[in-house]
Structure formats: C-alpha cells, structure tokens
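The next block holds one structure in the form of structure tokens; read it before the comments.
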Amino acid sequence: MIEAYDGDVPAPWDEPGQHTPVELIPPTWAPIDLRDVLEGTHVPEEPALFVRTDGHGLLYPGRVHSFHGEPESGKSLVAQAEAARVLTDGGRVLFVDFESDRGTVALRLLALGASVEAILERFHYVRPEGPPSLPHEQQAWTELLAQRFDLAVLDGVTEALSLAGIASKDNDAVTLWVRRVPRAIAHRTGAAVVVIDHVVKDSDSRGRYAIGGQAKLAALDGAAYVVDVVQPLGRGLRGVLSLRVAKDRPGAVRGFAGKPRRDRTAEAARVTVDSTGPDDRIVVTVDPPVAAAPADDDLGGSRPWRPTALMEKVSRLLEDSRDPVVGSTVTAAVRGKRTAVSAALDLLVAEQYVARVMHGRAQRHHCLRPYRQTDDPLSDLYQPRDASDLAQQPPRALDVMRPASRVNTRVRDA
Numbered sequence: 017m018i019e020a021y022d023g024d025v026p027a028p029w030d031e032p033g034q035h036t037p038v039e040l041i042p043p044t045w046a047p048i049d050l051r052d053v054l055e056g057t058h059v060p061e062e063p064a065l066f067v068r069t070d071g072h073g074l075l076y077p078g079r080v081h082s083f084h085g086e087p088e089s090g091k092s093l094v095a096q097a098e099a100a101r102v103l104t105d106g107g108r109v110l111f112v113d114f115e116s117d118r119g120t121v122a123l124r125l126l127a128l129g130a131s132v133e134a135i136l137e138r139f140h141y142v143r144p145e146g147p148p149s150l151p152h153e154q155q156a157w158t159e160l161l162a163q164r165f166d167l168a169v170l171d172g173v174t175e176a177l178s179l180a181g182i183a184s185k186d187n188d189a190v191t192l193w194v195r196r197v198p199r200a201i202a203h204r205t206g207a208a209v210v211v212i213d214h215v216v217k218d219s220d221s222r223g224r225y226a227i228g229g230q231a232k233l234a235a236l237d238g239a240a241y242v243v244d245v246v247q248p249l250g251r252g253l254r255g256v257l258s259l260r261v262a263k264d265r266p267g268a269v270r271g272f273a274g275k276p277r278r279d280r281t282a283e284a285a286r287v288t289v290d291s292t293g294p295d296d297r298i299v300v301t302v303d304p305p306v307a308a309a310p311a312d313d314d315l316g317g318s319r320p321w322r323p324t325a326l327m328e329k330v331s332r333l334l335e336d337s338r339d340p341v342v343g344s345t346v347t348a349a350v351r352g353k354r355t356a357v358s359a360a361l362d363l364l365v366a367e368q369y370v371a372r373v374m375h376g377r378a379q380r381h382h383c384l385r386p387y388r389q390t391d392d393p394l395s396d397l398y399q400p401r402d403a404s405d406l407a408q409q410p411p412r413a414l415d416v417m418r419p420a421s422r423v424n425t426r427v428r429d430a
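Position one of the sequence shown corresponds to residue 17 (the numbering used here), numbered consecutively onward.
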C-alpha cells in the first residue's frame, strides 16, 4: 500500500544519512572554511556533462536539473542520449523510471549507441511503485544512495509526486520532495541529476515553468531547460530541438547561452536527433544555439536576423565540394564576418540543408539540398513559383553521406 499524503507534511521520505550511523554523518550546522574562496584558490563549479560540440557543458555534477516540455518534445530522449554517452565513456548511470518501461528504455539506449555490456554493467534501472519510506523499500533506497553515479535521470515528476501523495501545486511539499529525493541522489552519489517534467498546455501562459507550483523551479540547485521542437522527431526523420535555459543557479551556462527572451529564458543548445540511419540507429548532436543579430532580442517583435546571402554562399561552397568540409574551412572560405558565416552554417544545419557529421575528431559538413534566397519565403529576394515552374525544374542529385551511427557530443569543431 502506498503511503498517503495528509495535506500537511509529506510522508517521511528518507533524508540523506537517515540510515547512516550518527558518528558518520557530517554536521551541516558547523562553520564552513572560506579560506580558499578568499585566497583565490577556489575553483567555481562548471557544467561537465551534456557537452556541446564547442566544449561547453550544460549539466553540473552533484546538482539537480530539469528538462521540461510538451509531450513528445524529446525531453526524455535527450536525457537518454546523454545516458548513452556516459555509458559509452565508461561512466555509471541511474535511471529512475516513473512513466515508461524497461524494454523501451533499454532499446532506446542501444539505438543511441550504448553497448549491451555497458548497459548490463553500469546502467542501473529502477521502476518504483511507491516512496522509499515504505518498509520494504528502505534498504534498497539506502543501498542506492551509497553508490556513485555520473548521471541520474528521474523520468516523470508528475507520477513521482503522485506516488508520494503530493499535489504538483503544493510548493511546500514539492520543495521537501526535491530535497529528499533528487537532491539526496545528487549529493550522496555525486550524479548530475535530471528530472523530466511536463509544461502547461497553453504556450502563452507557461513561461519558463514546468506544470504545477513554482517550487519545481525554485528548488533546483542546478539548471532548468525548456525543451522546444524546432523540427519534428520520429523514425526516418532528422529532428531538431531547442533547449532554453530557464534557471542557472551556479551561473556558468548563461555565460555561453544566447540572448535572453522576454520570459528570461535563453537558448543554450540546438539538439539534432538524426533517425535516418540504418538499423534504427539514432545520432544525437548537441550544438551551440543559432546566433542572432543584436536587434533580435524577442522584445520588440522585430523579425529575426537571417543571413540569407551568406546561407546561399555557404550552400554553394558545400555543393561544389566533393568531400565533407570542416567548419573552420567554411568560415575562412566564405567572405563575411566570421560569426555571421558561422551563424549561416548553423541555420543551414538546423533547417536540414546541411548535415553536420563526425569524421575522426572533427566536425564536417556536407550539402543535403541546395539553399537559394529566391526559394526562401523569409528572404527579401524570395520569388514565389507556381506548380508548373517546380514541375519543370529537375531535381539536383547530391552525393549524400549518412552520418556515423553513434552519439558524440564532446568533439570540438576543427
């Protein structure tokens, strides 16, 4: 039987150290030495997991984060992709599943490139049916907290709170749950913890918050990300997601995120989910956000900056190249400001005109389909064509090479 919530204090989920001998529990009310901070030897926390292709990470070890978005927005897949990468790199992953099932999760990890051996040896899958305060769950909970993990994913906050008898809008109860469950896992195991959550249906009123009380955001001690779909995901598709940072308690992520929007979020990454390869393989690439001109601040309603002339130049360069081209070669070969050329290349990748793949330790690019300003409705040079014009124009064959079927988010652009 699941313990019920009586409306005042949540059921007594284990605090860190509840089953640890008192003499082994470090005191938290004792003064903390600040000498290293004052002497300049203190090293600020940096996000070390979920690393973009430019080397910047998005998840802090030992802290709690949130990925929240609409249903089928790819938020669970993004966390699973990082789990597969951690396993491939020899790390340990805890996956606490409140919504899916073991078969779906295990097969997804295989599709994302994790090996059978890595999953069996270093992937810990848990499917709770009640809170860890239940008598028959306490030993397993204590043993779990005694282990070390690099990444921990709690998939399904709404279901997790329901099992604990907690209403999503009860800020006090939610805060206590965050401290007793995800934060306990983060602090005791050292893992970067990611909780997967939903957003309200109305996109105009949701802002940067997950569904429920504001404590879901306030109680996090890491970073929170809103997951939006730019291009749809699915089998045989090459989808694109946008991750906007909604909160960054340590402060490192906002330093390399995009320009803030009205709702105080800023794009922190563009995630490409390529499901077009053979054998149902999924390749996930985490890129920096698409650059925008200074005028595009999302405050005045101005049209986003779009370097269409540079986009066409980059496209023509890649069309004429027999081999995939590294990003630095593109920015050097195309005349224009380096950051603007790079932004043009990012847009072509995001809109599936160009594929970005890994070759050895370098990112390379090849053309999927030509881009022309005259065919772009967002370009000042756009020239609408009727159906007869399109029918008379033969398709152009391009030598398209499939990306490697593996997850790699750590390689910098050469």
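No residue lacks a Cβ here, since even glycine has one placed at the ideal position from N, Cα and C.
| Check | Outcome |
| --- | --- |
| Between the CA atoms of Gly252 and Thr425 - distance to the nearest angstrom | Model confidence at Thr425 stands at a pLDDT of 36, short of 50, so the residue's coordinates are unreliable; what they give is reported in the following sentence. The straight-line gap from Cα to Cα measures roughly 21 Å. |
| Whether Leu363 touches Val346 by CB criterion (8 Å) | no |
| C-alpha distance - Glu276 paired with Phe114, whole-angstrom precision | According to the sequence provided, residue 276 is Pro. The question's Glu does not apply to it. Computed Cα separation, rounded: 33 Å. |
| From Ala282, Asp49, Leu394, residue whose alpha carbon lies closest to that of Ala239 | Ala282 |
| Option nearest Gly343 by Cα separation, candidates Pro323, Phe272, Val373 | Val373 |
| CB-CB length for Arg254 against Val242, believed under 8 Å | No, Arg254 and Val242 are not in contact; Cβ-Cβ is about 22 Å, not under 8 Å. |
| Buried/exposed call for Pro151, threshold 16 Cβ in 10 Å | exposed |
| Distance, Leu161 Cα to Ala200 Cα | 8 Å |
| Closest by C-alpha distance to Pro305, when choosing among Ala284, Val370, Thr324, Val299 | Ala284 |
| Contact check, Asp264 vs Ala207, beta carbons under 8 Å | no |
| With 16 other Cβ atoms within 10 Å as the buried cut-off, status of Gly106 | exposed |
| Residue of Leu125, Val245, Val357, Gln96 minimising C-alpha distance to Lys329 | Val357 |
| Three-state class that DSSP yields for Arg57 in the structure shown | For the sequence presented, residue 57 should be read as Thr rather than Arg. It is coil, neither helix nor strand. |
| Own chain partners of Arg418 with C-beta closer than 6 Å, once the 5 adjacent residues on each side are dropped | For Arg418, the pLDDT reaches just 36, beneath the cut-off of 50, and the residue's location in the model is therefore unreliable, although a value from the coordinates is still provided. Answer for Arg418: Gly293, listed in chain order. |
| Contact check, Val365 vs Leu334, beta carbons under 8 Å | no |
| Distance cut-off 7 Å: Leu326 Cβ against heavy atoms of the ligand SAH | As for the ligand SAH, it is missing from this structure, which has no ligand bound. |
| Beta-carbon proximity check, Gly73 vs Glu62, cutoff 8 Å | yes |
| Reduced DSSP category for Val350 - H, G, I as helix; E, B as strand; rest coil | coil |
| Euclidean distance between Cα positions of Arg164 and Arg354 | 43 Å |
| Unbroken beta strand (DSSP E) run spanning Ala371, endpoints | 370-375 |
| Any 3 or more C-beta pairs closer than 8 Å across the stretch 82-94 and the stretch 143-158 | no |
| Same chain only: Cβ atoms within 7 Å of Pro198, ignoring 5 sequence neighbours per side | Val80, Leu170, Val209, Val211 |
| Cβ contact check for the stretch 97-106 and the stretch 130-137: 3 or more pairs under 8 Å | yes |
| Own chain partners of Pro248 with C-beta closer than 7 Å, once the 5 adjacent residues on each side are dropped | Gly255 |
| Range of the contiguous beta strand (DSSP E) that encloses Val258 | The residue asked about is misnamed: residue 258 is Ser in this sequence, not Val. From DSSP, the beta strand (DSSP E) with Ser258 extends over 254-264. |
| Straight-line gap, Gln368 to Thr205 (C-alpha atoms, nearest Å) | 40 Å |
| Assigned secondary structure, Asp52 (DSSP; H/G/I helix, E/B strand, else coil) | helix |
| Coil, strand or helix - Phe83 by DSSP | strand |
| Beta-carbon proximity of Val341 to Arg380, cut-off 8 Å | yes |
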